[in-house]
Amino acid sequence: MERILSGIKPTGQLTLGNYIGALRHFKDFQDNGEVFIFIADLHALTLPIDPEVLRSNSRDIAAFYLASGLDPKKATIFLQSSVPAHSELNAIVQNYLYMGELSRMTQFKDKSAKMNDKEIGLGLFAYPVLMAADILLYDANTVPVGEDQLQHIELARDLVHRFNYKYGEVLVMPKGKVNKVGARIMSLSDPTKKMSKSDPKGDIFLKDDMKTIRKKIMSAVTDMEGLVYYDPVNKPGISNLLTIYAALNDISIEDAAKQFEGCTRYGDFKKAVADTVERELGPFKARYEEIIASGEYLEVLKEGAKKANEIASTTLKRVQKAVGLLVLE
Ligand code: AQP
């Protein structure tokens, strides 16, 4: 059976990018395999963050997971920090990834470029090591990710090759899975940049009220041509809005573009995008409000931690034995 693992870092307010690229697909996974969805709170510590903000973001993600239709009876939903094996496996597998390859990671280069040298922690550099441990602990063969995480998955695959070559078939080879449409939603104010919760300019936040969301879409940066078609290089703003429209309507970008052939008023096009976003996010946000008010996510996280710990500790022991640690049963 397919084992699927995915997670979101509680580094900031979740965006429409997180919804289209990740959240929206989670409920489909649970019918097609064994699903592990976690809140990557240890990863969130790789960038400076206030403790209260981190806690509140983590609660929000748990509630958003449930609002997305994840069923705790089918999917294991948990906090990364509730499963100590993530850190323990990290301590082992860090010896099979190398400084040179980690320093080539685009995410590290992008994030560290925006920081002072004194602020860049070892955790940010070693982020892909912990991510590999997250995946390998659950013997996950499928890891749904956005485009910019594919490089980290490749590194996890290199690690598995190296490790299994040395110790035998101990680790399961993971594979990244990228959505056909919406793998990289861009900022509305600068459509050449990814919509990102830790760099929140021109983002739609899932906690924004609907009026604000519509306003942000109506004032999205576009161009002067007055024609709606897909050309991400020369028309990044319109192409981004077309991608959002296509992804939320479950159609191809070509089909979305056809619907707006001959449309010369960007206002009309933007209104159609805003209507689509409202239709999708309206009920989702209402479910989130109910879940956050009821606090039901806390019990889900406790149960999830139990199930995740059982599986993770089994894998950890297998790895510990393989590398020669004395495992006392
Ligand atoms: N703009 C996006 N378009 C499509 N998918 C996206 N994802 C994030 N932004 C977009 C997907 O959401 C999931 C969770 O992401 P994450 O928090 O683990 O890391 P990230 O990709 O680095 O997301 P952010 O929002 O950009 O976070 P920060 O700013 O903290 O680094 C992933 O599946 C991701 O691909």
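Read in the numbering used here, the sequence shown has 194 at position 188, and its numbers run on one by one without any break.
Heads up, the beta-carbon is just placed ideally off N, CA and C, and yes, glycines get one too.
A quick note: this is a predicted structure, and the numbers were derived from the prediction, not measured.
For T82, which beta-bridge partners are listed by DSSP? On the sequence shown, residue 82 is found 76 positions in, with the first residue counted as 1. As a beta-bridge residue in DSSP terms, T82 pairs with F42.
A97: buried (16+ other C-beta within 10 angstroms of its C-beta) or exposed? As a first step, residue 97 must be located in the sequence shown, where it is residue number 91. By the 10 Å Cβ count, A97 comes out exposed.
Would you say the beta carbon of S204 comes nearer than 7 Å to a heavy atom of ligand 1? Against the sequence shown, residue 204 aligns to sequence position 198. Yes.
Cα-Cα separation, A139 to V99: Translated into positions along the sequence shown, residue 139 becomes position 133. Translated into positions along the sequence shown, residue 99 becomes position 93. Using only the alpha carbons, I get a separation of about 7 Å.
Go ahead and pull the three-state DSSP assignment for V149. Against the sequence shown, residue 149 aligns to sequence position 143. In the structure shown, V149 sits in a strand (DSSP, three-state: E or B).
So which of N185, G188, D164, K186 has the shortest CA-CA distance to V178? Within the sequence shown, residue 178 is the residue found at index 172, counting from 1. Comparing Cα-Cα distances from V178 to each of N185, G188, D164, K186, the minimum goes to D164.
Alpha carbon to alpha carbon, how far is L72 from K291? Give it in angstroms, no decimals. Counting from one through the sequence shown, the residue named residue 291 turns up at place 285. Counting from one through the sequence shown, the residue named residue 72 turns up at place 66. So the two alpha carbons sit approximately 11 Å from each other.
Straight-line CA distance for L20 to M224? The residue you call residue 20 lines up with position 14 of the sequence shown. The residue you call residue 224 lines up with position 218 of the sequence shown. Inter-residue distance for L20 and M224 is about 20 Å (C-alpha atoms, whole angstroms).
Just to confirm my understanding: we take R65, look at its own chain, exclude 5 residues before and 5 after, and list those with CB closer than 8 Å. What are they? Taking the sequence shown and counting its residues from 1, one reaches residue 65 at position 59. A distance below 8 Å between beta-carbons, with the five flanking residues on each side excluded, links R65 to the following residues of its chain, in chain order: I298, Y303.
Any idea what DSSP makes of K241, helix, strand or coil? Within the sequence shown, residue 241 is the residue found at index 235, counting from 1. Here K241 carries a coil assignment [DSSP, helix/strand/coil].
May I ask whether a heavy atom of ligand 1 can be found less than 7 Å away from the beta carbon of G13? The count along the sequence shown starts at 1 and reaches residue 13 at position 7. True, at least one ligand heavy atom lies under 7 Å from that Cβ.
Tell me whether S12 sits in a helix, a strand or coil according to DSSP, three-state version. The residue you call residue 12 lines up with position 6 of the sequence shown. In the structure shown, S12 falls within a strand segment according to DSSP collapsed to helix, strand and coil.
Could you tell me the distance, in whole angstroms, from the CA atom of F275 to the CA atom of V135? Mapped onto the sequence shown, residue 275 falls at position 269. Mapped onto the sequence shown, residue 135 falls at position 129. Our two residues, F275 and V135, have alpha carbons roughly 43 Å apart in a direct line.
Give the DSSP-derived three-state secondary structure of G182 in the structure shown. Residue numbering aside, residue 182 sits at position 176 when the sequence shown is read from its first letter. Of the three classes helix, strand and coil, the one that applies to G182 here is strand, per DSSP.
Who are the Cβ neighbours of G27 in its own chain at under 7 Å, not counting the five residues just before and after it? Numbered from its first residue, the sequence shown carries residue 27 at position 21. Same-chain partners within the cutoff: G152, N185, G188, A189, I191.
DSSP-derived helix/strand/coil call for K203: Position 197 of the sequence shown, counted from the first residue, corresponds to residue 203. Three-state result, K203: coil.
Considering only the beta carbon of each residue, do A318 and L143 sit closer than 8 Å? Looking up residue 318 in the sequence shown gives position 312. Looking up residue 143 in the sequence shown gives position 137. Cβ atoms of A318 and L143: closer than 8 Å.
Using the three-state DSSP reduction, which class does T21 fall into: helix, strand or coil? What you label residue 21 is simply residue 15 of the sequence shown in a count that begins at 1. In this structure, T21 counts as strand in the three-state DSSP scheme.
According to DSSP, is M121 part of a helix, a strand, or is it coil? Within the sequence shown, numbered from 1, the residue matching residue 121 stands at position 115. Residue state, collapsed to three classes: coil.
Exposure of R285, with buried meaning 16 or more beta-carbon neighbours within 10 Å: As a first step, residue 285 must be located in the sequence shown, where it is residue number 279. Counting Cβ neighbours within 10 Å, R285 comes out exposed, since fewer than 16 surround it.
Would A97 count as contacting chain C if we go by Cβ distances under 8 Å? Given the protein chain composition of this structure (a single chain), no chain C is represented.
Since L248 and A263 should fall inside the 8 Å C-beta cutoff, what is the C-beta to C-beta distance between them, to a whole number of angstroms? What you label residue 248 is simply residue 242 of the sequence shown in a count that begins at 1. What you label residue 263 is simply residue 257 of the sequence shown in a count that begins at 1. Approximately 6 Å separates the beta-carbon atoms of L248 and A263; this is inside 8 Å, confirming the contact.
Does the Cβ of R190 lie closer than 7 Å to at least one heavy atom of ligand 2? Ligand 2 is not part of the structure shown, which contains ligand 1 as its ligands.
Starting from T218, follow the alpha helix (DSSP H) in both directions and report where the run begins and ends. Counting from 1 along the sequence shown, the entry for residue 218 is found at position 212. For T218, the uninterrupted alpha helix (DSSP H) run begins and ends at 216-224, by DSSP.
Out of curiosity, what's the CA-to-CA distance linking M201 and K80? In the sequence shown, counting from the first residue as 1, residue 201 sits at position 195. In the sequence shown, counting from the first residue as 1, residue 80 sits at position 74. Computed Cα separation, rounded: 30 Å.
Please report how far the alpha carbon of M230 lies from the alpha carbon of L22, in whole angstroms. Along the sequence shown, one-based indexing puts residue 230 at 224. Along the sequence shown, one-based indexing puts residue 22 at 16. Using only the alpha carbons, I get a separation of about 25 Å.
Secondary structure, beta strand (DSSP E): runs of 3+ residues fully inside the region 52-107: Secondary structure remark: continuous beta strand (DSSP E) runs of at least 3 residues inside the region 52-107, in chain order: 81-85.
Q155: beta carbon under 7 Å from a heavy atom of ligand 1? Position 149 of the sequence shown, counting from 1, holds the residue named residue 155. Yes; taking the cut-off as 7 Å, the Cβ of Q155 has a heavy atom of ligand 1 nearer than that.
I'd like to check one pair, G268 with M216: are the Cβ atoms closer than 8 Å? As a working mapping, residue 216 is identified with position 210 in the sequence shown. As a working mapping, residue 268 is identified with position 262 in the sequence shown. The Cβ atoms of M216 and G268 lie no closer than 8 Å to each other.
Per-residue burial, M7 [other beta carbons within 10 Å of its own, 16 or more giving buried]: Reading the sequence shown from its first residue, position 1 is the one you call residue 7. Counting C-beta atoms within 10 angstroms of its own C-beta, M7 has fewer than 16 neighbours from the protein chains shown and is therefore classed as exposed.
Pull up the CB-CB distance for I83 and G39, whole angstroms please, since I reckon it's below 8 Å. Your numbering for residue 83 matches position 77 in the sequence shown. Your numbering for residue 39 matches position 33 in the sequence shown. Separation of the CB atoms of I83 and G39 is rounded to 15 Å, and the pair is thereby denied contact status at 8 Å.
In its own chain, which residues sit with a C-beta less than 6 Å from the C-beta of K15, not counting the 5 before and 5 after it? Counted from its first residue, the sequence shown places residue 15 at position 9. Contacts found: A46, H49, A50.
Distance, Cα to Cα, Y294 vs R168? Reading the sequence shown from its first residue, position 288 is the one you call residue 294. Reading the sequence shown from its first residue, position 162 is the one you call residue 168. Straight-line spacing of the CA atoms in Y294 and R168 works out to 43 Å.
Please go through the same chain and pick out, in chain order, the residues whose beta-carbon is closer than 6 Å to the beta-carbon of Q326, but skip the five residues on each side of it. Locating residue 326 in the sequence shown gives position 320, counting from the first residue. V333.
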